[in-house]
Amino acid sequence: MTPVAMLQQCAPQIAPVTLAAIVQQESGGDPLAVHDNTGGKSYRPASVAEAARIARELIARGHSVDIGLAQINSRNLPRLGLGVDQVLDPCANLRAAQTVLMEGWMRSGDLRATLSAYNTGQLHSPVGMAYGEKVFGKAGVFVPAIPGGKLAQWASSDPANIGALPPVRPVITWTPQASPLAPQGGGLAVKW
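Numbers 1 to 192, taken from UniProt numbering, label the letters of the sequence shown in order.
What follows is the structure in structure tokens.
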């Protein structure tokens, strides 16, 4: 199954570009990725068994752990009805991401706030909003224009002239003591 087909099959309520950008931001597409939020360390296990072992050990120590493709947080597992082994299944992981995203969407109706809630549990936290901007960046979407906004004068001028000084017209004068030049008929003549 292609990644797009998996996104559409496992999380049909989330736009594929949105979920793909989240997966890219969260795990880089690694279904076995484990991140220890408490210790600040990422793991790239070679097998499902190793990923499950690492996640279980960290959770047993009371750590907050993100698991799998969409990095589902361990503290969400009980309410999602999932265990560590289940959330390491890519399709189950994407379904869980869909559930968390839909909860945020129902609370806010705003994609940036939804992404903030997905990352932090809070709709408008500064950390969550920064996360949302990173996800938008992964999707190739950057800060949009202000609707109806007007450009500042400097922004609407010719780009070739931004920061340029006005043309300079040099003034040439004659200094008899230091120059071999002498005024002659509206111009300068050389005298040695």
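Glycine residues also receive a C-beta, built at the ideal position from the N, C-alpha and C atoms.
Since this is a predicted model, take the numbers as computed values, not measurements.
Using CA atoms only, rank isn't needed, just tell me which of T99, T114, G68 is closest to V34.
G68
By the 10 Å Cβ neighbour count, where 16 or more other Cβ atoms means buried, how is Q25 classified, buried or exposed?
buried
If you measure between the beta carbons of N93 and I72, is that distance less than 8 Å?
yes
Decide if V12 is buried, meaning its Cβ has at least 16 other Cβ atoms within 10 Å, or exposed.
Note on residue identity: the sequence assigns Pro, not Val, to residue 12. Result: exposed.
Exposed or buried, which one is A130 when buried takes at least 16 other CB atoms within 10 Å?
exposed
Once DSSP output is grouped into helix, strand and coil, what is the label at W192?
Confidence at W192 is low in this model, with a pLDDT of 47, below 50, so its placement is unreliable and no value can be given for it.
First and last residue of the uninterrupted beta strand (DSSP E) at V135:
Here V135 belongs to no beta strand (DSSP E); instead the alpha helix (DSSP H) covers 126-138.
Own chain residues within Cβ distance below 7 Å of A51, not counting five before or after
L32, V34, P45, L88
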